[in-house]
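K.L.:
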Amino acid sequence: MSSQNPKNEISRRKFLQNSTLATAGIYLGILGMPKVFGNVLIDKDAKGIQDIKLNNGLKMPMLGFGTYGLSGEVCQKSVVEAISAGYRLIDTAKVYGNGVEVGKAIKQSGIDRKQLFVTSKLWVDDAGYENAKKGFEETLRKLQLDYLDLYLIHRPRGDVKGSWKAMEELYKAGKIKAIGISNFDPAQLADLLSYAQIKPVINQIETHAYFQQANDYKVLKQHNVQMQAWAPFAEGRNGLFTNEVLTQIAKKHGKTTAQVSLRWHYQLGIVAIPRSSQKEHITENLNIFDFKLDDADMKAIEKLDLNKTQFPEWS
Ligand SMILES: NC(=O)c1ccc[n+]([C@@H]2O[C@H](COP(=O)([O-])OP(=O)(O)OC[C@H]3O[C@@H](n4cnc5c(N)ncnc54)[C@H](OP(=O)(O)O)[C@@H]3O)[C@@H](O)[C@H]2O)c1
Numbered sequence: 001m002s003s004q005n006p007k008n009e010i011s012r013r014k015f016l017q018n019s020t021l022a023t024a025g026i027y028l029g030i031l032g033m034p035k036v037f038g039n040v041l042i043d044k045d046a047k048g049i050q051d052i053k054l055n056n057g058l059k060m061p062m063l064g065f066g067t068y069g070l071s072g073e074v075c076q077k078s079v080v081e082a083i084s085a086g087y088r089l090i091d092t093a094k095v096y097g098n099g100v101e102v103g104k105a106i107k108q109s110g111i112d113r114k115q116l117f118v119t120s121k122l123w124v125d126d127a128g129y130e131n132a133k134k135g136f137e138e139t140l141r142k143l144q145l146d147y148l149d150l151y152l153i154h155r156p157r158g159d160v161k162g163s164w165k166a167m168e169e170l171y172k173a174g175k176i177k178a179i180g181i182s183n184f185d186p187a188q189l190a191d192l193l194s195y196a197q198i199k200p201v202i203n204q205i206e207t208h209a210y211f212q213q214a215n216d217y218k219v220l221k222q223h224n225v226q227m228q229a230w231a232p233f234a235e236g237r238n239g240l241f242t243n244e245v246l247t248q249i250a251k252k253h254g255k256t257t258a259q260v261s262l263r264w265h266y267q268l269g270i271v272a273i274p275r276s277s278q279k280e281h282i283t284e285n286l287n288i289f290d291f292k293l294d295d296a297d298m299k300a301i302e303k304l305d306l307n308k309t310q311f312p313e314w315s
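The numbers in the sequence shown follow full-length UniProt numbering, run straight up by one, and end at 315.
1) Should residue 157 be counted as a contact of ligand 1 given a C-beta to heavy atom distance under 7 Å?
2) Quick one: what's residue 230 bridged to in DSSP?
3) Skipping 5 residues on each side, what residues in its chain have a beta carbon closer than 6 Å to that of residue 282?
4) Heavy atom of ligand 1 less than 7 Å from the Cβ of residue 275, yes or no?
5) Thinking residue 183 and residue 205 are a contact (beta carbons under 8 Å), I'd like their distance in whole angstroms, please.
6) Tell me whether the region 193-202 and the region 232-242 touch, counting them as touching only if at least three CB pairs, one residue from each stretch, are closer than 8 Å.
7) Is residue 178 near residue 306, with beta carbons less than 8 Å apart?
8) For ligand 1, is there a heavy atom less than 7 Å away from the beta-carbon of residue 285?
9) Can you give me the Cβ contacts of residue 354 inside the same chain, cut-off strictly under 6 Å, excluding the 5 residues immediately before and after it?
10) So the candidates are 169, 64, 268, 167; which of them puts its Cα closest to the Cα of residue 88?
11) Between 291, 58, 91, which lies nearest to residue 70 when the distance is taken from Cα to Cα?
12) Go to residue 72, then tell me how far its alpha helix (DSSP H) extends in each direction, as first and last residue.
13) Leaving out the 5 sequence neighbours to the left and right, which residues in its chain are closer than 7 Å to residue 308 when beta-carbon positions are compared?
14) Below 7 Å, is the gap between the Cβ of residue 209 and the nearest heavy atom of ligand 1?
15) Decide if residue 215 is buried, meaning its Cβ has at least 16 other Cβ atoms within 10 Å, or exposed.
16) Tell me which same chain residues have a C-beta within less than 7 Å of the C-beta of residue 255, skipping the five on either side of it?
17) Taking the alpha carbon of residue 314 as the point to measure from, which residue in 157, 299, 136, 251 has its own alpha carbon closest?
18) What's the gap between the Cα of residue 151 and the Cα of residue 262?
19) How many Å lie between residue 128 and residue 190 at the Cα?
20) Suppose the cutoff is 7 Å on Cβ atoms and the five residues either side in sequence are ignored; what does the same chain contact list for residue 98 look like?
21) Can you say whether residue 112 is buried or exposed, counting buried as having 16 or more other CB atoms within 10 angstroms of its CB?
22) With DSSP collapsed to three states, give me the class of residue 282.
23) If distances are taken between C-alpha atoms only, which option among 260, 110, 234 comes closest to residue 312?
24) Can the beta-carbon of residue 229 be found closer than 8 Å to that of residue 272?
25) Going by the C-beta, is residue 230 closer than 7 Å to any heavy atom of ligand 1?
26) Please name the residue, chosen from 287, 232, 247, that lies closest to residue 268 on a Cα-to-Cα basis.
27) Using only the alpha-carbon positions, how far apart do residue 278 and residue 78 sit?
28) In angstroms, rounded to a whole number, what distance separates the CA positions of residue 104 and residue 110?
29) Going by DSSP, name the residue or residues bridged to residue 310.
30) Secondary structure at residue 196, three-state DSSP: helix, strand or coil?
31) Using the C-alpha atoms, what's the distance from residue 100 back to residue 147?
32) DSSP state of residue 68, grouped into three classes?
33) Pull up the CB-CB distance for residue 162 and residue 132, whole angstroms please, since I reckon it's below 8 Å.
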């Protein structure tokens with residue numbers, strides 16, 4: 001993921017001046033500058049999506065595009081639209097069964113591969129040293145790519161230790177730029193850290209207004225493991241898009257509840273990967289960098305926490 005953008009040189013310089021403070025974890029309270037998540041905010045691209053630096057030094061956009069549930073032509077079209085709208089982080093997984101379409105969309109977009117940040121995940125059926133290596137090669141082949149930016153253990157099931165060893169080797173061989181985990185709780189993270197030679201760069205977990213994961217947030221920060229939010233809208237479950245509190249805040253800022261939700265993640269330094277198959281939503285979800293939630297907004301959203309998953313069927 002390259003962030004060179006000559007047009008943006010002035011804001012880049014300004015940003016670098018501020019980044020010393022950001023590194024110290026000071027929330028500057030200006031538009032576009034969220035609380036840092038133990039990482040350094042290092043750049044802005046043309047659409048205003050800042051990059052963060054992961055704990056291995058790799059740059060990753062602060063907002064990405066999810067592809068769960070997208071398949072066939074809809075998937076390909078949505079990913080092309082997302083890249084064209086300005087998303088650079090694309091999140092997929094072997095189990096989504098859409099690797100071929102995501103790969104075709106990447107080719108169709110015409111964008112330089114190095115400008116993209118492609119994430120995929122090792123499914124539980126491929127857990128263990130040998131299977132993980134095979135699973136990874138299959139994923140890469142379907143995507144028609146020769147490396148992944150980020151590869152995650154999708155769920156902490158089966159031989160996690162064997163999977164991690166395989167991923168560490170693939171990382172060292174340059175086939176993956178960063179390795180991480182998903183759906184690990186703090187105890188499972190601690191277990192992984194007890195034998196890992198390479199620390200995970202991120203943990204991708206369910207995170208939205210109804211399930212804010214305050215403890216995981218704290219633990220991940222302590223370990224400098226970036227928190228990434230799956231289902232940042234809880235897929236609209238429990239009336240999230242029409243929630244009264246979010247609606248009021250949205251009205252106040254002339255925004256939508258979706259944008260308020262994503263801005264909330266962003267201001268907490270959590271990387272969100274919203275999914276949409278509609279062009280208007282794809283664009284809408286990118287337009288979160290021209291307003292700021294104030295303390296009262298953030299506190300009101302904090303109170304929406306039900307502290308429980310909205311996806312009990314996946315637990
Ligand atoms: N690691 C894991 O275990 C895991 C689990 C689940 C998801 N994920 C990842 O996280 C990504 C996001 O999660 P998700 O896809 O489950 O759910 P989500 O992003 O929370 O919600 C997607 C839903 O929200 C709707 N939507 C999107 N933007 C909208 C807007 N501006 N206004 C109104 N509705 C809007 C979409 O409908 P439209 O298509 O009509 O816009 C879709 O139905 C996934 O795609 C996947 O990449 C990872």
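Glycine included, C-beta positions come from ideal geometry on N, C-alpha and C. Owing to the predicted nature of the structure, the values given are computational and were not obtained by experimental measurement.
P.N.:
According to the structure data:
1) no
2) 206
3) 81, 82, 85, 276
4) yes
5) 6 Å between Cβ atoms; contact.
6) no
7) no
8) When distances are taken from the beta-carbon of residue 285 to the heavy atoms of ligand 1, the shortest one is below 7 Å.
9) No statement about residue 354 is possible, as the shown extent of the chain runs from 1 to 315 and does not include it.
10) 64
11) That would be 91, whose Cα lies nearest to the Cα of residue 70.
12) 72-85
13) 211
14) no
15) exposed
16) Within the same chain, 291 come within 7 Å of residue 255 by CB-CB distance, once the 5 residues on both sides are set aside.
17) 157
18) 23 Å
19) 19 Å
20) 67, 70, 71, 75, 92
21) exposed
22) helix
23) 234
24) yes
25) yes
26) Distances from the alpha-carbon of residue 268 to those of 287, 232, 247 put 232 closest.
27) Residue 78 has its alpha-carbon roughly 7 Å from the corresponding atom of residue 278.
28) 10 Å
29) Residue 310 pairs with nothing; no bridge assigned.
30) coil
31) Near 15 Å, if we compare the C-alpha coordinates of residue 100 and residue 147.
32) coil
33) 7 Å
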